[in-house]
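Worksheet for the structure shown next.
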Ligand SMILES: [Zn+2]
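Residue numbers (the working numbering), protein chains in the order written: chain A, 49 to 1046; chain B, -4 to 95.
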């Protein structure tokens, strides 16, 4: 049995041993232990190395605020988690844990050399150290920064667990199940309100768990607790959640809770989620999160064995562990005295209680004397010794702020308390304001921004009695505000330990404060000296001090360090704390897994994949797919042995020579109908629509009000009052939103209805000289001759027996048709055409071939050849702008001075002088590749392909004053070469459009 | 996550049902061609950028799909009120009085 385990104490199951490993060594703990309590019970304080200096560190706290004792935990392959707090992780048989930031071992760590290079890593070292000399960058600084860029190591395989996500509405959410939270839940629960009480711990009770000596309502604290929790469990309207952390407090009382479900279990239940993220919407929120103890700031206050006094009390009373047998206590607050008494009563030989204050209550000194503990008021601590665990401390008498001659006292633990900081992180998430209260030496809640109540230590009320009373009152207030009626009970408390204290900066010392390693932020290795240096180097805002020193920026978000940092910065600035202000707390309250945030949205559920009615056929026929917006589209159809290039060349040839079939179902479609449909189209699009006859189509261009091209598509007039509008695949929702916006808010008088019909239609494009030959026998109700159904026509007819909207249009330059049939007939029609098309060697093609064929014709793709700064004239499409129109969206902008100015980038074609070279899309264009850098860039390549049809490469580009450069040579610098190109028109193939007229 | 009242549905619903749609009460000029370059620039680009109550548009995009107007405090993010498109600006003084 270990020298540090106290069988008479603790809530753990002493008769139930549990073995786990730490850095490969087997450690025996007890059921109910955390990794930290089990290690401490075995006399192991050393649990990790610090991040920057690799200093040996032990647990300083006993809860989720722990900055030092970060470990990696492994359950099984894939179930590895870095940066877990050893103070929170419950042990189970088979758990594997490891320390971090140490190599080759925790005890002998190479990185500790950083500790000797202390001066290099002072405040702002990120900004200063790495600036010189240049030659150090690659070999020294960069590897250091990379290694230092993250804590722990990342998991290497996919997380096999799944994570759940749920919503919950309640009348009253109570965060924190300490005495205040339980009293609030009892009061609110009796009102009949729907109450949720959540606590991050494995068991409820908060400070009551660490104060078994208190009597409540005539019972011992733990008996009272058990009875009251039973009472709450018995209320149908009350839900209790343990291991559930409120991670963020959002608008209108939405609170995110992360519930850990399996991390403490020996075996995982089949199918159980590891964690569940709750989105709670509460009518009223009660925050009873208690307070966090503040460390004292002195030289070498980070040595393993130096711990918060309240945490030592928790280790004893909850876990039956003495963190030291010969501890010294140093404090500026009464609460540490009580911790000393508890440890002494459990068998520890407390070497001394060192209090920074001149005087303490006589009951305290009497109690100490009764236990034979040496009391040193008006004393300070100025240093510690011991390599991997504290061995002794230096204690100096204080005269005013001067430290006298030092005395060395041997010890095996140092328990410190700098007072308590109300835990108001969640309250701060709501933009609730805080005010400094001098009585409690703490920031307390001031103005609320949400319907919330704060009770107990969260508003500076110390002691269990006050917490119970205040919690009960908060429960009544919240229930009343939610429309319920209840009263609070009275809870008489005996042996309560309220206590008072003072709030200090770094402790006085007899040594040079400039050499002190007095840590404030243990996780980011920030010292008091760093804060003072930051101020002296000009950081006068607390937010700047924080960023310059990284104080409070580690994963604990400064739970330990913010107040000490503020006190010291305020002192350095010569201002009161209130004028320096606080840094902002942000969610999450404690580090939260990505899994919890992702919930069900992973793998195939990460986002929607939209598929066309013909998608299955494409898959069955070996298509390679590419994502386009949320769609997956057939990219190309490789035959055995073909790569993209070979398949696309074949598909292009087949389409130009005979017949290609293409699934165009993803095209956005909007039906515009109503008596004012023509007027609406006139106002939205650049083109004139009044004279477009029924059964005719027109290419439509849509601008933003700023005059730049937003979208395009062919639009067919089905009747006087009905248009079939097509949009780009990715632009459909945006265009409909824009149309609705104008219709609803600018022109509500127009009688027009807009309907999204994208998914109502399957669209099959047939292109090539044999397109009509294939289609004609299937069509009923439309004369397919060129005279009766010329290019840019639309007809409502029947195709293969299916009702159809048949367009004669072409995005390839070949004779082309697009058949729209109701989506449910899409695959049937495709297969009909496919079968009959065999006589023409019909070739299915994908988006890549579609891109090549359209580029050969100089047809633009909005978003590829345009980028949100291209006007119709820039794109060479002034012909699409109605010259006689007096208004349309974006028209006024086309005469804005900048848009009418010469020298704008214009869309042109580029032909490489070496016809085999294919330009990189996005490559820059210059007039002279020999000019000094930085070169003047004239534009960039927007589209570039190998054209099988032309036996050479083709490209589109935007070039400054491009249309005045026809025939000129320009250069495209690409990796390893400057490619000479000729500026040409944009149409490379069949400029007379002869092939459309077959 | 905010709760937003749609004046058309007359329901208070969670934020993911809605989309922000820019400042409210900026009417598109009846005849843009009559505007000077400066006037058109102001219409296109110049916005209030209010710190505090802000008249703005929202759309109940995943609901009734209607655009409506709102007054929202850009400091607290809180909605002071929502109202139908086309209705006059509510009186800010009265709204703020009502918040107290
Ligand atoms: Zn609505």
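By construction, the Cβ of each residue, glycine as well, lies at the ideal position given by its N, Cα and C atoms.
Just the Cα atoms here: how many angstroms apart are residue 507/A and residue 517/A? By 1-based counting over the first chain, the position of residue 507/A is 459. By 1-based counting over the first chain, the position of residue 517/A is 469. Taking the straight line from one Cα to the other gives about 13 Å.
Assign residue 766/A to one of three DSSP states: helix, strand, or coil. Residue 766/A sits at position 718 when you count from the first residue of the first chain. Three-state DSSP puts residue 766/A in a strand.
Verify the contact flag: residue 788/A, CB atom, against every heavy atom of ligand 1, threshold strictly below 8 Å. Here residue 788/A is taken as the residue at index 740 of the first chain, counted from 1. No, the beta carbon of residue 788/A sits no closer than 8 Å to any heavy atom of ligand 1.
Could you compute how far the alpha carbon of residue 420/A sits from the alpha carbon of residue 466/A? Locating residue 420/A in the first chain gives position 372, where the first residue counts as 1. Locating residue 466/A in the first chain gives position 418, where the first residue counts as 1. Using only the alpha carbons, I get a separation of about 24 Å.
Cα-Cα separation between residue 197/A and residue 76/A, rounded to whole angstroms: Locating residue 197/A in the first chain gives position 149, where the first residue counts as 1. Locating residue 76/A in the first chain gives position 28, where the first residue counts as 1. Only weak support is given to the placement of residue 197/A: the predicted model assigns it a pLDDT of 48, under 50, and the value that follows is read from those uncertain coordinates. Cα to Cα, the separation comes out at about 34 Å.
Could you give the distance in angstroms between the alpha-carbon of residue 257/A and the alpha-carbon of residue 433/A? In the first chain, counting from the first residue as 1, residue 257/A sits at position 209. In the first chain, counting from the first residue as 1, residue 433/A sits at position 385. The straight-line gap from Cα to Cα measures roughly 33 Å.
Taking only heavy atoms of ligand 1 into account, decide whether any of them is closer than 8 Å to the Cβ of residue 3/B. If you number the second chain from 1, residue 3/B lands on position 8. Yes, Cβ of residue 3/B sits closer than 8 Å to a heavy atom of ligand 1.
Entirely within the stretch 194 to 243 of chain A and at least 3 residues each: give me those beta strand (DSSP E) ranges in chain order. 211 to 223
Ends of the alpha helix (DSSP H) at residue 51/B? Residue mapping note: residue 51/B aligns to position 56 of the second chain, counting from 1. Counting along the chain, residue 51/B falls outside any alpha helix (DSSP H), though it belongs to the beta strand (DSSP E) covering 48 to 54.
Quick check on the DSSP output: the beta strand (DSSP E) that includes residue 313/A runs from which residue to which? Counting from 1 along the first chain, the entry for residue 313/A is found at position 265. Counting along the chain, residue 313/A falls outside any beta strand (DSSP E), and DSSP gives it neither H nor E.
Give me the chain A residues within the contact set of residue 26/B, using Cβ-Cβ distance strictly less than 8 Å, ordered along the chain. Counting from 1 along the second chain, the entry for residue 26/B is found at position 31. Here the neighbours are 934 and 935.
Straight-line Cα distance separating residue 277/A from residue 143/A: For the purposes of this step, residue 143/A is taken as residue 95 along the first chain, with counting starting at 1. For the purposes of this step, residue 277/A is taken as residue 229 along the first chain, with counting starting at 1. Distance between the alpha carbons of residue 143/A and residue 277/A: 30 Å.
Ligand 1 heavy atoms versus the CB of residue 731/A: any closer than 8 Å? Against the first chain, residue 731/A aligns to sequence position 683. Checking the Cβ of residue 731/A against ligand 1 gives no.
Whole angstroms are fine: how far does the CA of residue 923/A sit from the CA of residue 959/A? Within the first chain, the letter at position 911 stands for residue 959/A. Within the first chain, the letter at position 875 stands for residue 923/A. If I take the Cα positions, the gap works out to 18 Å.
Report back the beta-carbon spacing between residue 404/A and residue 288/A to the nearest angstrom; my notes put them in contact at under 8 Å. Taking the first residue of the first chain as 1, we reach residue 404/A at position 356. Taking the first residue of the first chain as 1, we reach residue 288/A at position 240. Not a contact, Cβ separation roughly 40 Å.
Own chain, CB closer than 6 Å to residue 897/A, minus 5 neighbours either side, in chain order: Start at 1 with the first residue of the first chain, and residue 897/A comes out as number 849. Once the five neighbours on either side are set aside, the close Cβ partners of residue 897/A are 696, 699 and 700.
I want to check one thing, is the minimum distance from the CB of residue 6/B to the heavy atoms of ligand 1 below 8 Å? If you number the second chain from 1, residue 6/B lands on position 11. Indeed, a heavy atom of ligand 1 lies less than 8 Å from the Cβ.
Would you report the Cα separation of residue 525/A and residue 674/A, rounded to the nearest angstrom? As a working mapping, residue 525/A is identified with position 477 in the first chain. As a working mapping, residue 674/A is identified with position 626 in the first chain. Each residue's alpha carbon lies about 58 Å from the other.
So which residues of chain E does residue 479/A contact, with C-beta pairs closer than 7 Å? The structure shown contains no chain E; its protein chains are A and B.
Residue 804/A in three-state terms, based on DSSP: Start at 1 with the first residue of the first chain, and residue 804/A comes out as number 756. The answer is strand: DSSP assigns residue 804/A an E or B state.
Using a Cβ cut-off of 9 Å (strictly closer), state whether residue 808/A contacts chain B. Residue mapping note: residue 808/A aligns to position 760 of the first chain, counting from 1. Judged by the 9 Å Cβ criterion, residue 808/A is not in contact with chain B.
Would residue 225/A pass as a contact of residue 80/A if the rule is Cβ separation under 9 Å? What you label residue 225/A is simply residue 177 of the first chain in a count that begins at 1. What you label residue 80/A is simply residue 32 of the first chain in a count that begins at 1. No, these two residues do not count as a Cβ contact at 9 Å.
Please confirm whether residue 1062/A and residue 222/A have their CB atoms less than 9 Å apart. What is shown of chain A runs 49 to 1046, which leaves residue 1062/A out entirely.
At 8 Å on the CB atoms, spell out the chain B contacts of residue 298/A, in chain order. On the first chain, residue 298/A is found 250 positions in, with the first residue counted as 1. In chain order: -4.
With 9 Å as the threshold, decide whether the Cβ of residue 197/A is near any Cβ in chain B. Here residue 197/A refers to the residue found at position 149 when the first chain is read from its first residue. Reliability of the predicted coordinates at residue 197/A is poor, the pLDDT of 48 falling under 50, and no value is obtained from them.
Would you mind telling me which residues of chain A sit closer than 8 Å to residue 62/B, beta carbon to beta carbon, in chain order? Here residue 62/B is taken as the residue at index 67 of the second chain, counted from 1. Per Cβ cutoff of 8 Å: 788, 789, 792 and 793.
List the whole-angstrom C-beta distance separating residue 656/A from residue 678/A, where the pair is believed to meet the contact cut-off of C-beta under 8 Å. Taking the first chain and counting its residues from 1, one reaches residue 656/A at position 608. Taking the first chain and counting its residues from 1, one reaches residue 678/A at position 630. So it is a contact: roughly 5 Å between Cβ atoms.
In this structure, does DSSP put residue 57/B in helix, strand or coil? One-based indexing of the second chain puts residue 57/B at position 62. Residue 57/B falls in the coil class under three-state DSSP.
Contact defined as beta carbons within less than 8 Å: I believe residue 798/A pairs with residue 787/A. What is the distance between those atoms, to the nearest angstrom? Along the first chain, read from residue 1 onward, the residue named residue 798/A stands at position 750. Along the first chain, read from residue 1 onward, the residue named residue 787/A stands at position 739. About 11 Å separates the two Cβ atoms, so there is no contact after all.
Hey, residue 1051/A and residue 246/A: beta-carbon distance below 9 Å or not? With chain A covering only 49 through 1046, there is no way to say anything about residue 1051/A.
Give the residues of chain A in contact with residue 81/B, contact being defined as C-beta atoms less than 7 Å apart. Sequence index remark: in the second chain, residue 81/B carries index 86 (1-based). 796, listed in chain order.
So, under 8 Å CB-CB, residue 12/B and residue 58/B are touching, yes? Tell me the CB distance rounded to an integer number of Å. Indexing the second chain from 1 puts residue 12/B at position 17. Indexing the second chain from 1 puts residue 58/B at position 63. Contact flag correct, Cβ pair sits at about 5 Å.
Can you list the residues of chain A that residue 32/B reaches, using a CB-CB cut of under 7 Å? As a working note, residue 32/B is residue 37 in the second chain. Near residue 32/B (Cβ distances below 7 Å), the residues of chain A are 944 and 945.
Does at least one heavy atom of ligand 1 sit under 8 Å from the Cβ of residue 61/B? Your numbering for residue 61/B matches position 66 in the second chain. The answer is yes for residue 61/B.
Do we get a CB-CB distance below 9 Å when we pair residue 22/B with the residues of chain A? Position 27 of the second chain holds residue 22/B. Yes, contact with chain A.
DSSP state of residue 450/A mapped onto helix, strand, coil: Reading the first chain from its first residue, position 402 is the one you call residue 450/A. It is a strand residue.
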